[in-house]
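For the sequence shown, my numbering begins at 3 and goes up steadily by one. Here's the structure, in structure tokens; my notes come after.
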Amino acid sequence: MQPFIKIHPSDSVAVALSPLKAGALLQVGELSVRLKEDIPQGHKFALCPIRKGEAVVKYGAPIGNAIRDIAPGEWVHTHNLKTRLDGQLSYSYHPEKATGRTVSAPAPLTFQGFRRADGRAGVRNEIWILPTVGCVNNVAAAIERQTRHLAGGSVETVAAFAHPYGCSQMGEDQENTRRILADLIRHPNAGGVLVLGLGCENSNIDVLKDYLGDYDASRVRFLVCQESEDEIADGVALVKELCEQAGRQKREPISCSELTVGLKCGGSDGLSGITANPTVGIFSDLLIAQGGTTILTEVPEMFGAETLLMDRCETPELFEQTVSLINGFKDYFASHGQTIYENPSPGNKKGGISTLEDKSLGCTQKAGSAPVRGVLAYGQPAAQKGLNLLSAPGNDLVAATALAASGAQIVLFTTGRGTPFASPVPTVKISSNTALYEHKKNWIDFNCGPAANGTPLTQLGQQLFDYVLEVANGHQTCSEAAGFHDLAIFKQGVTL
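Below, the structure written as structure tokens:
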């Protein structure tokens, strides 16, 4: 296989799939290019002369402008390329430009899940301890330690979710906390939930109940620590009740049309948009073809590729909602006096990503080619089958939690550098390169590195789909096997 790839016929750069040495003569289609310097894996080199001020094209779209003349064979990166993005933009709707991938109607598939009393389906049967306020985090942790042994049979684990919020918050911050906690209390992956309050917090249990609406009282218990003589003993007793109730739940066949999967990336490298992200995009199309749902988030990493998503909106109303999603996040940055395009991260740059457009055009490939059928506010559950866009930041823990709160039973997380974090739901780590997979097998669940060596993306996409069904059936991800459970809520405003 060639050690480089030209992704789109109109590209002015190619990407090294393995490290390339200065002086190498490469045949790129009809072009012969001699490298003027070493090109690290995942990094770009010029295929033709690029004049100062001209667009550098990758994925068939501009990823920035050259800040000096660039000769064929030169390394193209942050030293000679800068973003073209600046402030808010005006958008127009062009659905005729949207292109889709043909996915044949498959035979209906099922997974072995848990049917809840409200009709929803979960892929786990866990007991969750959710503090309403950070003041009782240690109490929640103590209850978890004393009840882990109760897990067994169909009850898979007892997990406490620490967070620092629930009090001394104002406005939208407080609303965020209440919405996310309510979403998680209702989440079908939890066979039982202990809601642990202090008693004097802003988001106390009585307030939180207003956000819950109808809920299954058989799987939720509440404990106010200030009203209990021994809150740990009382909490242990309530978790025991929940374990006994959840232990009666058994896995049963459930249609894949009831599967909702969140799509996220982090620690990306120059191969993420070539191997892992398009593989996830194929998975997304396959799940949607089964009648299922996927949710794409991290809005700041749509900047520069947002028009591709806008043109895929099924209706003009969804287009307008997507415009508001994008510009609303830009307003959020500007309102705090921050640069809208302060991205990519140092790790991204080391891996070969030069600008936000470079990152976003690779990032959004996780959404496959299906039409956009839903646009969700932060904390809003997905109601539309198919592809949804969710308002949340790029931060890994915050975005993954937001996906779970919107109903994702599983999160797919692509990465070129690796991370051990978890979320409230099984979080599948997908490597963009084989070296990472071989080095961090205790972190990485699925390897897309073979795509760089010629394995067809369609083949990897099907393999990923099959693997996700294994996870839905109960196979533990690496972070689950390590006992990791994380929760992070979007902090936007003032703390009292």
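For each residue, glycine too, the CB sits at the ideal point set by N, CA and C.
Roughly how many whole angstroms lie between the Cα atoms of residue i and residue j?
i: Leu-363; j: Glu-440; result: 27 angstroms
i: Lys-252; j: Ser-220; result: 16 angstroms
i: Glu-254; j: Ala-109; result: 19 angstroms
i: Ala-402; j: Leu-27; result: 43 angstroms
i: Thr-281; j: Asp-212; result: 41 angstroms
i: Asp-71; j: Trp-77; result: 12 angstroms
i: Lys-242; j: Gly-194; result: 10 angstroms
i: Ser-106; j: Gln-292; result: 10 angstroms
i: Ala-484; j: Gln-478; result: 9 angstroms
i: Glu-177; j: Ala-454; result: 44 angstroms
i: Val-400; j: Gly-102; result: 30 angstroms
i: Asp-175; j: Gln-323; result: 22 angstroms
i: Gly-121; j: Ala-385; result: 14 angstroms
i: Thr-460; j: Pro-452; result: 12 angstroms
i: Thr-104; j: Met-172; result: 47 angstroms
i: Thr-341; j: Glu-303; result: 14 angstroms
i: Gly-199; j: Val-473; result: 32 angstroms
i: Ala-142; j: Ala-404; result: 21 angstroms
i: Phe-335; j: Gly-268; result: 20 angstroms
i: Gly-154; j: Leu-489; result: 24 angstroms
i: Thr-159; j: Ile-9; result: 44 angstroms
i: Leu-225; j: Thr-149; result: 16 angstroms
i: Leu-183; j: Ala-48; result: 49 angstroms
i: Val-209; j: Gly-168; result: 11 angstroms
i: Gly-124; j: Gly-376; result: 21 angstroms
Can you check which of these residues, the options, is closest to residue i by C-alpha distance?
i: Ser-14; options: His-45, Val-58, Pro-42 and Leu-28; result: Val-58
i: Ala-248; options: Trp-130, Ser-393 and Gln-464; result: Trp-130
i: Ala-100; options: Glu-76, Glu-308, Arg-250 and Gln-114; result: Glu-308
i: Gln-4; options: Gly-31, Arg-250 and Gly-25; result: Gly-31
i: Ala-372; options: Asn-390, Tyr-380 and Ala-407; result: Asn-390
i: Phe-486; options: Trp-445, Ile-52, Asn-475 and Thr-460; result: Trp-445
i: Phe-492; options: Val-430, Arg-314 and Glu-300; result: Glu-300
i: Ile-207; options: Arg-180, Pro-318, Pro-190 and Asn-191; result: Arg-180
i: Gly-339; options: Lys-38, Phe-116 and Gly-89; result: Gly-89
i: Thr-112; options: Asp-488, Ser-259 and Arg-147; result: Ser-259
i: Ile-432; options: Pro-426, Phe-448 and Gly-268; result: Phe-448
i: Pro-395; options: Lys-442, Ala-192, Phe-305 and Pro-348; result: Phe-305
i: Tyr-1; options: Ser-92, Leu-298 and Glu-39; result: Not covered by the structure: residue 1. The range shown for the chain is 3 to 498.
i: Phe-116; options: Leu-244, Gly-476 and Glu-482; result: Gly-476
i: Leu-91; options: Asn-397, Phe-331 and Ala-153; result: Phe-331
i: Ala-192; options: Ile-52, Pro-426 and Pro-346; result: Pro-426
i: Leu-33; options: Cys-50, Pro-428 and Ser-347; result: Cys-50
i: Leu-152; options: Pro-190, Val-238, Leu-87 and Gly-201; result: Val-238
Counting along the chain, where does the alpha helix (DSSP H) carrying residue i start and finish?
i: Thr-332; result: Checking the displayed sequence, the identity of residue 332 turns out to be Lys instead of Thr. Here the alpha helix (DSSP H) through Lys-332 covers 318-337.
i: Phe-486; result: Taken as a continuous stretch (DSSP letters only), Phe-486 belongs to no alpha helix (DSSP H), as it is neither H nor E.
i: Ile-432; result: Counting along the chain, Ile-432 falls outside any alpha helix (DSSP H), though it belongs to the beta strand (DSSP E) covering 429-433.
i: Thr-403; result: 398-407
i: Thr-550; result: There is simply no residue 550 to check, as the chain begins at 3 and stops at 498 in what is shown.
i: Leu-214; result: 207-214
i: Lys-266; result: Unbroken run through Lys-266 is the beta strand (DSSP E), 262-267; no alpha helix (DSSP H).
i: Ser-257; result: No alpha helix (DSSP H) holds Ser-257; the beta strand (DSSP E) holding it covers 254-257.
i: Arg-147; result: 139-149
i: Gln-176; result: 173-187
i: Lys-242; result: 233-248
i: Glu-440; result: 436-441
Kindly indicate the opening and closing residues of the beta strand (DSSP E) around residue i.
i: Ala-474; result: Taken as a continuous stretch (DSSP letters only), Ala-474 belongs to no beta strand (DSSP E), being part of the alpha helix (DSSP H) at 459-474.
i: Cys-365; result: Taken as a continuous stretch (DSSP letters only), Cys-365 belongs to no beta strand (DSSP E), being part of the alpha helix (DSSP H) at 358-365.
i: Lys-351; result: Not the beta strand (DSSP E): Lys-351 falls in the alpha helix (DSSP H), residues 348-353.
i: Phe-113; result: 112-117
i: Ser-34; result: 33-36
Cβ of residue i within 7 angstroms of any heavy atom in the ligand ADP?
i: Lys-46; result: This structure lacks the ligand ADP, and indeed carries no ligand of any kind.
Excluding the five sequence neighbours on either side, which residues of its own chain have a C-beta within less than 6 angstroms of the C-beta of residue i, listed in chain order?
i: Arg-36; result: Leu-27 and Gly-75
i: Ile-65; result: Val-58, Thr-357, Glu-359 and Asp-360
i: Ala-278; result: Thr-416, Ile-432, Ser-434 and Cys-450
i: Ile-290; result: Ala-372 and Gly-388
i: Glu-39; result: Ala-24 and Trp-77
i: Cys-365; result: Cys-267 and Glu-303
Could you name the residues of the same chain whose beta carbon sits closer than 8 angstroms to that of residue i, not counting the 5 residues immediately before and after it, in chain order?
i: Ser-170; result: Asn-204, Thr-497 and Leu-498
i: Lys-351; result: His-79 and Thr-80
Whose C-beta lies closer than 7 angstroms to the C-beta of residue i among residues of the same chain, with five residues either side of it excluded?
i: Ser-12; result: Val-59 and Gly-62
i: Val-222; result: Ile-187, Val-195 and Val-197
i: Asn-82; result: Ala-68, Ile-69, Arg-70 and Ile-72
i: Thr-85; result: Gly-66, Tyr-343, Thr-357, Leu-358 and Glu-359
i: Pro-383; result: Asp-185, Ser-408 and Gly-409
i: Gly-215; result: none
The region 122-142 in contact with the region 162-174 per 3-pair CB rule at 8 angstroms:
yes
Using 8 angstroms as the cut-off, can you tell me whether the region 268-285 makes contact with the region 226-246, which would need three or more C-beta pairs spanning the two stretches below that distance?
no
How about the region 327-335 and the region 415-431: do they share at least three Cβ pairs that are nearer than 8 angstroms?
no
Please confirm if the region 313-321 is in contact with the region 404-412, defined as three or more CB-CB distances below 8 angstroms between the two stretches.
no
Three or more beta-carbon pairs under 8 angstroms between the region 41-51 and the region 265-273, yes or no?
yes
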